Amino acid sequence: MSRFRNRSAHPESEFSRQESQGQGDSARRVSGSAKRTLNAQGRPNILQVGMRQSPWQDLYYLMLTIPWVWFFVLTVLMYVGTNGCFAIVYLIGGNNLTNAQPGSFWDAFFFSVQTMATIGYGAIAPSNFYANVVVSVEAMLGLLGVAVVTGLTFARLARPTARVLFSRVAVIAPYNGVPTLMFRTANRRGNQILEARLWLSLVRDEVTEEGYTMRRFYDLKLSREHTPVFSLTWTAMHPIDADSPLYGMTSDELSRDNTEIVVSLMGIDETVAQTIHARYSYIIREVLWNHRFRDIFVDTLDSKRAIDFTRFHDTFEIEF
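If you read the sequence shown in my numbering, its first letter stands for residue 373, the second for the next number, and so on.
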């Protein structure tokens with residue numbers, strides 16, 4: 373089994389041969405049983421066991437992070453449920469709504485809707501002290517509810533998100549005579565990310581002298597980890613030299629240690645002037661030995677340079 377320190381004839385390992393089979397020109401995301409810290413969306417892929425904290429105890433965070441569909445579903449459920457509860461309260465007080473059918477739940481329900489929304493059509497109105505007290509409480513809660521939902525909606529819309537594309541695979545190929553780990557990233561928006569910075573970390577299991585298995589993090593130094601303006605694409609490179617934690621490691625060793633390469637990008641979105649973050653990870657099965665990325669810069673008919681994102685994930689095998 374050849375190692376990274378061998379810069380001459382570097383026969384492809386059995387591991388990398390398995391990766392290249394069926395790869396073709398288009399890199400596909402490889403599924404497997406390897407332990408992954410982050411999923412494809414850059415979110416933690418770790419289950420919390422033994423934590424008995426209910427998500428409802430952090431309702432504000434829950435409403436900010438759930439998908440939009442569930443946000444609207446929960447909002448509608450709370451709206452309908454609150455009006456239903458107030459309708460029952462009105463019915464408990466007896467016949468206290470003028471022009472409403474005695475004991476009609478729906479008349480009480482829609483009166484609650486009109487009260488909470490401060491519509492006031494005038495057809496149904498409170499007729500005694502009990503009903504007026506309930507109307508006062510509901511009107512106040514309605515104003516607070518509208519303010520809370522409006523604030524949550526604005527906070528969700530105003531929260532900056534990074535639309536950054538990462539290549540589905542990373543490759544290892546010689547660069548200036550040194551085996552180099554490379555992956556691609558691109559800004560999917562038409563604007564610019566200012567003061568963009570990349571961090572690359574190696575995560576793997578290590579066994580101590582006492583026999584304990586620890587999850588260790590190592591920094592992987594990039595040839596260029598900062599760019600003042602990130603608007604197009606960026607090919608990140610980590611030289612696998614004597615100072616690299618990958619130096620001397622074989623693909624089988626990295627796979628056995630559940631090695632994962634974690635990428636983190638941070639910058640300032642020029643449109644909203646706020647800091648954005650993007651994350652991605654590669655397990656060793658997604659690292660292709662003796663491969664390069666295909667060139668994505670093409671010339672158009674009017675002699676202009678263009679980026680062909682259909683080739684963004686494409687690789688080809690090389691002899692090394």
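Ideal placement from N, C-alpha and C gives every residue a C-beta, glycine not left out. All figures in this text were calculated on a predicted structure; none of them were measured in a lab.
Task: Where Val541 falls: helix, strand or coil (DSSP) - done: Of the three classes helix, strand and coil, the one that applies to Val541 here is coil, per DSSP.
Task: Continuous alpha helix (DSSP H) stretch holding Thr525: start and end - done: Phe501 to Ala530
Task: Cβ shell of Thr552 (< 6 Å), same chain only, five flanking positions each side left out - done: Met609 and Pro611
TODO: Could you pull out every unbroken beta strand (DSSP E) segment of at least 3 residues lying fully inside the region 640–667, listed in chain order?
DONE: 646–655, 659–661 and 663–665
Task: Stretch pair the region 529–539 + the region 503–512: three plus CB contacts closer than 8 Å - done: No, the region 529–539 is not in contact with the region 503–512.
- [ ] Determine the extent of the alpha helix (DSSP H) in which Ala678 is found, giving its start and end residues.
- [x] Per DSSP, Ala678 belongs to no alpha helix (DSSP H); it is in the beta strand (DSSP E), Arg677 to Ile679.
TODO: Answer yes if the region 657–671 comes into contact with the region 543–558, meaning at least three C-beta pairs across the two stretches below 8 Å, and no otherwise.
DONE: yes
Open item on the list: Give me the residue from Ser653, Asn504, Leu463 and Ile460 with the minimum Cα distance to Leu572.
Closed with: Selected option, being the one with the closest Cα: Ser653.
Open item on the list: Taking the straight line between their C-alpha atoms, what separation do you get for Val518 and Asn467?
Closed with: 29 Å
Task: Per-residue DSSP class, three states only, for Asn563 - done: coil
- [ ] Kindly identify the DSSP beta-bridge partner or partners of Met638.
- [x] Arg569 and His649
- [ ] Look up Asp591 in the DSSP assignment and give the residues it is bridged to.
- [x] Ser573
Task: Cβ separation of Glu632 and Arg408, assumed to be a contact under 8 Å, to the nearest whole Å - done: Contact flag correct, Cβ pair sits at about 6 Å.
- [ ] Determine the direct distance from the alpha carbon of Val485 to that of Phe555, and round the result to whole angstroms.
- [x] When rounded, the distance between both Cα atoms is 55 Å.
Task: Residue ranges of each alpha helix (DSSP H) within the region 420–488, 4 or longer - done: 431–437, 440–464 and 477–488
Open item on the list: Contact defined as beta carbons within less than 8 Å: I believe Arg651 pairs with Leu410. What is the distance between those atoms, to the nearest angstrom?
Closed with: 6 Å
- [ ] With distances taken Cα to Cα, identify the nearest neighbour of Asp613 among Tyr547, Ser476 and Met435.
- [x] Tyr547
Task: Cβ pair Leu592, Leu574 closer than 8 Å - done: Yes, the Cβ-Cβ distance between Leu592 and Leu574 is below 8 Å.
Open item on the list: Nearer than 7 Å: is that true of the beta carbon of Val536 relative to any heavy atom of the ligand MG?
Closed with: Looking at this structure, you won't find the ligand MG or any other ligand, since it has none at all.
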